[in-house]
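Protein chains in written order, with this note's numbering: chain A, -10 to 260; chain B, -10 to 260.
1. For residue 43 of chain B, which residues in chain A fall below 8 angstroms Cβ to Cβ?
2. Taking the continuous alpha helix (DSSP H) assigned at residue 40 of chain B, which residues delimit it?
3. Taking CB distances under 8 angstroms as the criterion, tell me whether residue 22 of chain A reaches chain B.
4. So residue 225 of chain B is in the beta strand (DSSP E); what residue range does that whole segment cover?
5. State the Cα-Cα distance for the pair residue 165 of chain B and residue 50 of chain B, rounded to the nearest angstrom.
6. List the residues of chain A whose Cβ lies closer than 9 angstroms to the Cβ of residue 87 of chain B, in chain order.
7. I need the DSSP call for residue 190 of chain A, collapsed to helix, strand or coil.
8. Is it buried or exposed, residue 118 of chain B, if we count other Cβ atoms within 10 angstroms and call 16 or more buried?
9. What residue range does the alpha helix (DSSP H) around residue 14 of chain A cover?
10. Nearest CA to the CA of residue 45 of chain B: which residue from B:213, B:123, B:66?
11. Please classify residue 194 of chain B: is it buried, with 16 or more other beta-carbons within 10 angstroms of its beta-carbon, or exposed?
12. Take the Cβ of residue 189 of chain B as the centre, count every other Cβ of all protein chains shown within 10 Å, and call the residue buried at 16 or more, exposed below.
13. Assuming contact is defined by CB atoms lying nearer than 8 angstroms, are residue 206 of chain A and residue 151 of chain A in contact in what I supplied?
14. Using alpha carbons as the reference points, say which of B:59, B:92, B:125, B:102 lies closest to residue 73 of chain B.
15. Taking the alpha helix (DSSP H) that residue 115 of chain A belongs to, which residues open and close that run?
16. Just the C-alpha distance for residue 215 of chain B and residue 127 of chain A, rounded to the nearest angstrom, thanks.
17. Going by C-alpha to C-alpha distance, which of A:199, A:55, A:63, A:18 sits closest to residue 41 of chain B?
18. Give, in chain order, every unbroken run of the beta strand (DSSP E) that is at least 3 residues long and sits entirely within the segment 138 to 178 of chain B.
19. Give the residues from the segment 160 to 182 of chain B that approach chain A closer than 9 angstroms (Cβ to any Cβ), ordered along the chain.
20. Which residues of chain A have a Cβ atom closer than 7 angstroms to the Cβ of residue 19 of chain B, listed in chain order?
21. Let me know the alpha helix (DSSP H) ranges lying completely inside the segment 41 to 102 of chain B, each 4 residues or longer, listed in chain order.
22. Starting from the Cα of residue 6 of chain B, find the closest Cα among B:217, B:82, B:115 and give me that residue.
23. Please name the residue in B:112, B:22, B:68 whose C-alpha comes closest to that of residue 106 of chain B.
24. Would you verify that the beta carbon of residue 243 of chain A is, or is not, closer than 8 angstroms to some beta carbon of chain B?
25. Nearest CA to the CA of residue 170 of chain B: which residue from A:14, A:28, A:15, A:180?
26. Just how far apart, CA to CA, sit residue 155 of chain A and residue 202 of chain A?
27. Using the beta-carbon of each residue, which ones in chain A are nearer than 7 angstroms to residue 11 of chain B?
28. Using three-state DSSP, classify residue 241 of chain A as helix, strand or coil.
29. Can you check DSSP and say which residues form a bridge with residue 7 of chain B?
30. Could you check where the beta strand (DSSP E) with residue 207 of chain A kicks off and where it finishes?
31. Determine, for residue -10 of chain B, whether the minimum Cβ-Cβ distance to residues of chain A falls below 8 angstroms.
32. In three-state DSSP terms, what is residue 133 of chain A?
33. Output, in chain order, the set of chain B residues within a Cβ distance shorter than 7 angstroms of residue 39 of chain A.
34. Closer than 9 angstroms by beta-carbon distance: list the chain B residues that pair up with residue 70 of chain A, in chain order.
35. From this set, A:85, A:80, A:32, which residue's C-alpha is nearest residue 53 of chain A's C-alpha?
36. Around the C-beta of residue 11 of chain B, are 16 or more other C-beta atoms found within 10 angstroms, so that it is buried, or is it exposed?
Listed below in structure tokens is the structure:
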């Protein structure tokens, strides 16, 4: 479709629920821009981002019974606001928020109030992408918070799709969790750029997963930095669910604007 | 104010009009996050970003009479949508859009339709910041597109505030303009990261402005990359209007959450 045709009917708006943590929403918008095939400013897709950190109760706090306030209701308010701003599809860059107790409640709540914006499921999109593009991968390692390990948010759908799944041994799990949450060197405290200690811990954890047989590693927390890790790790593909979500969002509204799969991942298709 | 007090009344929402070009809005949200004094996810301020590139006619095309479609009306629609999403104050990271023919029309249009979201003026905020924090600066150099030079969007308010202003000689102006717009090596085509050629051109232009007496340089186009230039240039302060706008937006709604001025600029206060 030519640029002049594109301008006849306005492009459909992609919505982003941000705020879990402050950078995750912005990073997803960046990834949407990066994955869009555009030759001018005007070719880029319209995106609405609502990043309201304080309104969203910590997901793990709810899931582990420390509060009965389900963040799904605040997330539903934000999704309705995105719908009101014109979004026809939306994504939520937070792995923990995809726990069924939150995600399913959110979808039911929004559907029940008459809004038809479609919320993609980041983890399901990731597993589908891996099935479609990585037929030679047998065993997948996952890096995530302790909460996401406990909830098996990646293990369950990956196994259902036929992958073997390996996770770090308990001491390394603890180290990964600390690397995300530690208030001095952790990724939530300092992620742009990550501290050398955080980066080294993650590289060690990836090496540990490879030693347990991983042919690919899912960076299953939106705080895990793709770029600096990818530059150092060329042994196995690193899968960034937020990047896959960005691609799925573009594909759902403007497939003609989706860039080819990056060489980093595409190269792996042929091995 | 303690964190618990903050959660009693919800924080006020900052709006961002993005899309001029695709990265500028995201970069402003990043700068708001960076300039916010926060010790947890929940301390960060709520931000709404609407980035609709194709709806906004190129500002220079309008200002130089190549079309009579004033982008102010599309910008007003976006600002009203930010108001509807709860924004009480907003910013627009595009220098050219602050030309009076656009900015004043936009403000009148939104005020005339009963919306009271307040749009800060990025260039005025920048000049006020420099007046307040840089009393020892006499001469300011500016880097911008040819359109912004022709419109004197930085020169006029800087001179009104008592600064001398220097701009590049015509061949260097042309080189700066090309560095922004060139479709192969230019910043609009490739800004994350900038190409070596683009970066070298900008460093040359800054050296040229210093040779013409500049004690500070305003990076007067939101495509000009602060971080890589700042790392190489420690001779004069580089002023990023989008960073000043981020600070002004925070200050206008939650001054208690504004970080101190960065050492890069604060150090200059005492010379």
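For glycine and all other residues, C-beta sits at the position ideal for the given N, C-alpha and C. Since this is a predicted model, take the numbers as computed values, not measurements.
A quick look at the data gives this:
1. To locate residue 43 of chain B, count along the second chain from 1; it is residue 54. Result: -5, -4, -1, 0, 31, 32, 33, 35.
2. Counted from its first residue, the second chain places residue 40 of chain B at position 51. First-last for residue 40 of chain B: 36 to 40, but that is the beta strand (DSSP E), not the alpha helix (DSSP H).
3. Locating residue 22 of chain A in the first chain gives position 33, where the first residue counts as 1. True, the Cβ-Cβ gap to chain B drops below 8 angstroms.
4. Along the second chain, one-based indexing puts residue 225 of chain B at 236. Segment: none, residue 225 of chain B is in no beta strand (DSSP E) and carries neither H nor E.
5. As a position in the second chain, residue 165 of chain B is number 176, starting the count at 1. As a position in the second chain, residue 50 of chain B is number 61, starting the count at 1. If I take the Cα positions, the gap works out to 19 angstroms.
6. Locating residue 87 of chain B in the second chain gives position 98, where the first residue counts as 1. Those within 9 angstroms of residue 87 of chain B in chain A number zero; the least Cβ separation is about 18 angstroms.
7. Position 201 of the first chain, counted from the first residue, corresponds to residue 190 of chain A. Three-state result, residue 190 of chain A: helix.
8. The sequence position of residue 118 of chain B within the second chain is 129, counting from 1. So residue 118 of chain B counts as buried.
9. Looking up residue 14 of chain A in the first chain gives position 25. Taken as a continuous stretch (DSSP letters only), the alpha helix (DSSP H) holding residue 14 of chain A covers 11 to 23.
10. By one-based count along the second chain, residue 45 of chain B stands at place 56. Nearest of B:213, B:123, B:66 to residue 45 of chain B, Cα basis: B:66.
11. Translated into the one-based positions of the second chain, residue 194 of chain B becomes position 205. Per the 10 Å Cβ criterion, buried.
12. For the purposes of this step, residue 189 of chain B is taken as residue 200 along the second chain, with counting starting at 1. Exposed, since its Cβ has fewer than 16 Cβ neighbours within 10 Å.
13. For the purposes of this step, residue 206 of chain A is taken as the residue at position 217 of the first chain. For the purposes of this step, residue 151 of chain A is taken as the residue at position 162 of the first chain. Going by C-beta atoms, residue 206 of chain A is not nearer than 8 angstroms to residue 151 of chain A.
14. Sequence index remark: in the second chain, residue 73 of chain B carries index 84 (1-based). If we check each option's Cα against that of residue 73 of chain B, B:102 comes out closest.
15. On the first chain, residue 115 of chain A is found 126 positions in, with the first residue counted as 1. From DSSP, the alpha helix (DSSP H) with residue 115 of chain A extends over 111 to 122.
16. If you number the second chain from 1, residue 215 of chain B lands on position 226. If you number the first chain from 1, residue 127 of chain A lands on position 138. Approximately 44 angstroms between the Cα atoms of the pair.
17. As a working mapping, residue 41 of chain B is identified with position 52 in the second chain. The option with the nearest alpha carbon to residue 41 of chain B is A:18.
18. 153 to 155
19. 172, 177, 178, 181
20. Counted from its first residue, the second chain places residue 19 of chain B at position 30. Within chain A, the residues near residue 19 of chain B are 15.
21. 48 to 52, 61 to 73, 89 to 101
22. By one-based count along the second chain, residue 6 of chain B stands at place 17. The option with the nearest alpha carbon to residue 6 of chain B is B:82.
23. Working through the second chain from its first residue, we reach residue 106 of chain B at position 117. Minimum Cα distance to residue 106 of chain B is reached at B:68.
24. Walking along the first chain from the start, residue 243 of chain A turns up at place 254. Cβ-Cβ to chain B under 8 angstroms: no for residue 243 of chain A.
25. Translated into the one-based positions of the second chain, residue 170 of chain B becomes position 181. Nearest option by C-alpha distance: A:28.
26. Here the question's residue 155 of chain A lines up with position 166 in the first chain. Here the question's residue 202 of chain A lines up with position 213 in the first chain. Rounded to the nearest angstrom, the two C-alpha atoms are 8 angstroms apart.
27. Counting from 1 along the second chain, the entry for residue 11 of chain B is found at position 22. Under the 7 angstroms cutoff, chain A gives 22, 30, 33.
28. Along the first chain, read from residue 1 onward, the residue named residue 241 of chain A stands at position 252. Helix at residue 241 of chain A.
29. Counting from one through the second chain, the residue named residue 7 of chain B turns up at place 18. Paired residue(s): B:40.
30. Your numbering for residue 207 of chain A matches position 218 in the first chain. Counting along the chain, the beta strand (DSSP E) containing residue 207 of chain A begins and ends at 205 to 208.
31. For this step, residue -10 of chain B is matched to residue 1 along the second chain. Residue confidence is low: residue -10 of chain B scores 34 on pLDDT, short of 50, so the model does not pin down where it sits. Its coordinate-derived value is still stated next. False, the Cβ-Cβ gap to chain A never drops below 8 angstroms.
32. Translated into positions along the first chain, residue 133 of chain A becomes position 144. Residue state, collapsed to three classes: coil.
33. Taking the first chain and counting its residues from 1, one reaches residue 39 of chain A at position 50. What residue 39 of chain A touches in chain B: 37, 74.
34. Taking the first residue of the first chain as position 1, residue 70 of chain A is located at position 81. Under the 9 angstroms cutoff, chain B gives 37, 73, 74, 75.
35. Counting from one through the first chain, the residue named residue 53 of chain A turns up at place 64. Cα-wise, what sits closest to residue 53 of chain A is A:85.
36. As a position in the second chain, residue 11 of chain B is number 22, starting the count at 1. With 16 or more other Cβ atoms within 10 Å, it is buried.
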